[in-house]
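Below is one structure, written out as structure tokens; the observations come after it.
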Amino acid sequence: MSTPDGTRAARNRDAGRRAGGWRVVVLKGGRSLERQVSLKSAARVEDALERLGHEVVAIDVGADLVGMLSDAQPDVAFVALHGRDGEDGTVQELLEVMGIPYTGSGVSACIRAADKVLAKHAMRDRGLPTPDFYAFNETAFKELGAAQALPAIEQRLQFPIVVKPARQGSALGIKFARTPDDVPAALVAAFSYDRKVLLERHVTGRELAVSIIEQDGRAGSLPIVEAVPVQEDFYDFEARYEIGRTRFECPAALPGEAAARAGELALEVYRLLGCSGFARVDMMLEEASGELYVLEANPIPGLTETSLLPQAAEAAGIGFDELIDRILAAAHER
Amino acid sequence: MSRGLGRGGAGAERRRSRSTARDIERYAALFAQRTKVMKSSAMRDLMALTERDDVISLAGGLPDTSTFPPDSYASLMSTVAAESCARALQYGPTEGLALVKRCIAQVMATEGMELPEDEVLVTTGGQQVIDLVCKTLLDPGDVVVTEAPTYPGAVPTFCAYQAEVVQVRMDRDGMRIDELEQALEELERAGRRPKFIYTVPNFHNPAGVTMSLERRRQLVRIAGERELLVLEDNPYGLLRYEGDPLPPLRSLDDEFVIYASTFSKILSPGVRLGWTTAPAPVLAKMNIGKQGSDLCSSSISQYFVAAYFDSGPWGDYVRSLIEIYRRRRDVMLDALAEHFPREADWTHPQGGLFIWATLPDYIDTTDLLARALEDHVAFVPGRAAFVDGRGGSSMRLNFSGVSEDEIREGIRRLGEVVREQVALYGTLTGSGRESVRRPAAPPPPATSLPEAPPPPGPPAEAELAKVLRLPRQRAG
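These protein sequence lines are chains A and B, in that order.
So for the first sequence, our numbering puts the first residue at 30; every next one is plus one.
So for the second sequence, our numbering puts the first residue at 18; every next one is plus one.
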């Protein structure tokens, strides 16, 4: 990714460096359903950036984003957005146009990673393990009679089946169908979030999150976090952001080579999708087979108090400020 | 949409209010057990989106304070300043100022109750009554019986006191007393005795139904026989748009009923003034509880309310609100009939602020809210009113805080989204695209509020008789 030289941003960047810190815009909030999570992530990022000696300008992303970015004249943008617009390449495209360097993955990686269906196809084509799945647009059901194919899909995937919107983070809209009768309602729920949904084989096992950060242009995996639901029968949106609802173990106590394999697999997915800066790859360690299956890659994983990437970094001896420093540095290096 | 433009300099102040992962760990060791059940929910995150300017929010529960004349407010405040400045700025007695108790007596009289001054405790909103009752009565693990659905704002209070909440289904006549008795029986068999039954008998929030007179009599009878307290929460009683008022539980029994009401819906929620009356020993404990909470409710507010009641007939403003809210309710009911599919079902409130709509059970209203927000309309998903995950297909719709045009447009948009999901489900199950015009009546949704069952025949009465013969537990 390149940033045009000689832009106003570049000139300001030099001015910022002379003063000892950069002017960093933190992009947050927006109209995504994960707005609140983004605000929590951004609050911590802003604090860290200030402690690191940068000048922080926080922007709640809305209709006047471009105008505000022009006024702010930042050296770099820290994208602390989750979900729609912020994680799917939209905001990244705008930042490219404006010549503002930004944290995290570029446009094409965001587009691929934010859409679970695109990401899973890419993985499958590359031979990387991801649970079997079938994906459909709403029109397939409305216009092409896809509902008649459901029994065949159910037979191949076997119950329980996980039904997910293609583009929605934070487990919103993810349903478990345990019987054929559950499938239609699960699809209706998933279609509440996106026009495209997937039906996926449920992998019974341990849920692992492998975080990746770059340093000096080299991506490396962090200690693995295992999410252990305390009560719920499914790791849901509620549990993900609340203290005490899910127990996290880091580093996860994994058998044999599993940890090393998970780290390598996550890096392969990271490279396959073209991610940069940082990301988190979620996967399952199947109980029966001992195999790993990648569920999804998050181009902008959460940075809240309970988020997994900061926990993984801490386990590796990387404090939150250093984590933010590295993510910011990676934005400049590319 | 609000926009934060925070510059570096102001950071120090903000930093203190935020916490890092390590901070959370550090404080977590200090948190009380009860905070582990105090939930902040994903729904709350979604609800935060409903407050955007571009969203028609039927999710609120707000009275329309824009109807109160600013001139009156100014003149009342001037009166307070001119006549009672020093006292209004001073602490007051925990039980409340006598002059506001006289106003409360007027409101109570209108509801058909006499209330001597020494039997009332002025509180900081009706919400504080719920808190004080819990504080007075509940040990961790004690049982509270409520309606299903129940007032969503009471749930965090019950949880904070580590109560076990048992929810009893309602129908269009309010709480099902037969199911209440069944629940009480089961609890008794398990050796557990609920401390109180929480109910909103008039224009229930969120269910929009009113407890019938028959059920009211049954409820106070059961409370008396079993020596359980009933917390009667009556914030909306005077906002009746049709039909005749029914006697409050408190007027049927003053031995086991704790009564709560508020100025929030008849004057202003901003004054944060409510009141309670309870059996004397209970009221005395609640008074002590209130001392610990806030010493006294705002004196400024109490003088304001007193000045307002002195300034003219307070009922005029309530009548003007009734006119406005009745029209809004009618607009919403008409819009529902026009735009919601026949698979949906909703209550017809005779008063209050809310309609409770129930969709077919294959529609999850939390997911539906995400879809509705795309079309810039919002409501409260039904799960908020249950402690056990029920209510997933229901929604609470508020008509008091939104203009008639917004109600029409909001329900139109919502109806479209619901029809879309009903049609999609029809496509998925092969039950026909035009499921909206399906001739056969759908099975009743899980949490709908059915018609009240017919009066019990002989077998049921035999069951009741057993309950009646339970020995009284009073000692001496």
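From the three backbone atoms N, C-alpha and C, an ideal C-beta is built for every residue, glycine too.
- Residues of chain A with a Cβ closer than 8 Å to the Cβ of Y379 (chain B) are, in chain order, P213, A214 and V217.
- The beta-carbon distance between E164 (chain B) and M192 (chain B), rounded to whole angstroms, is 5 Å. This is short enough to meet the 8 Å contact definition.
- In the three-state scheme derived from DSSP, where H, G and I count as helix and E and B as strand, G158 (chain B) is classed as coil.
- Here the alpha carbon of R425 (chain B) sits roughly 51 Å from the alpha carbon of R300 (chain A).
- Where Y299 (chain A) is concerned, the enclosing alpha helix (DSSP H) starts and stops at A287 to L302.
- According to DSSP, R247 (chain A) shares a beta bridge with A:Q244.
- Out of A:P103, A:G91, A:E125 and A:S70, the CA that lies nearest to the CA of V85 (chain A) is found in A:P103.
- DSSP, reduced to helix, strand and coil, places F220 (chain A) within a helical segment of the structure shown.
- According to the DSSP assignment, F321 (chain B) belongs to the alpha helix (DSSP H) that extends over S316 to D327.
- Counting the other Cβ atoms within 10 Å of the Cβ of E203 (chain B) gives fewer than 16, which makes it exposed.
- For I380 (chain B), no alpha helix (DSSP H) encloses it, and the DSSP letter there is neither H nor E.
- Taking a Cβ-Cβ cut-off of 9 Å, A76 (chain B) has no neighbours in chain A, whose nearest Cβ is about 15 Å from it.
- DSSP places G291 (chain B) in the strand class (E or B) of the three-state scheme.
- With contacts defined by Cβ atoms closer than 9 Å, T293 (chain B) and L149 (chain B) form a contacting pair.
- Assigned with DSSP and collapsed to three states, D270 (chain B) falls in coil, not helix or strand.
- Under the three-state reduction of DSSP, K171 (chain A) is assigned to helix.
- Residue pairing from DSSP places N327 (chain A) in a beta bridge opposite A:R309.
- With a threshold of 16 other beta carbon atoms within 10 Å, P211 (chain B) meets it and is buried.
- Close to G49 (chain A), with beta-carbon spacing below 8 Å, lies no residue of chain B; the smallest spacing is near 12 Å.
- CA-to-CA, the gap between G143 (chain B) and H393 (chain B) works out to about 32 Å.
- DSSP places V137 (chain B) in the coil class of the three-state scheme, outside both helix and strand.
- If you check the CB distance, Q145 (chain B) and S310 (chain B) come in under 9 Å.
- Of the residues A:L110, A:H231, A:P194 and A:Q65, the one whose Cα lies closest to the Cα of Q187 (chain A) is A:H231.
- From the listed residues A:G285, A:W51 and A:L68, the smallest Cα separation to T333 (chain A) is found for A:L68.
- Here DSSP, grouped into helix, strand and coil, assigns I283 (chain B) to coil.
- Here the alpha carbons of A143 (chain A) and A92 (chain A) stand approximately 22 Å from one another.
- The Cβ of L441 (chain B) sits closer than 9 Å to at least one Cβ of chain A.
- Between the alpha carbons of E205 (chain B) and P366 (chain B) lies a distance of about 34 Å.
- In the three-state scheme derived from DSSP, where H, G and I count as helix and E and B as strand, A317 (chain A) is classed as coil.
- Within the stretch 382 to 416 of chain B, those residues whose Cβ lies closer than 8 Å to any Cβ of chain A are, in chain order, D384, L385, A387, R388 and L390.
- According to the DSSP secondary-structure assignment, V108 (chain A) is paired through a beta bridge with A:L56.
- Within the model, the alpha-carbon separation for E340 (chain B) versus T84 (chain B) is close to 11 Å.
- Here Q197 (chain A) is buried. Its C-beta has 16 or more other C-beta atoms within 10 Å.
- At a cut-off of 9 Å between beta-carbon atoms, R430 (chain B) makes no contact with chain A.
- Only those residues of the stretch 176 to 191 of chain A whose C-beta falls short of 7 Å from the nearest C-beta of chain B are listed: A176.
- For L266 (chain B), the nearest beta carbon of chain A is not closer than 9 Å to its own beta carbon.
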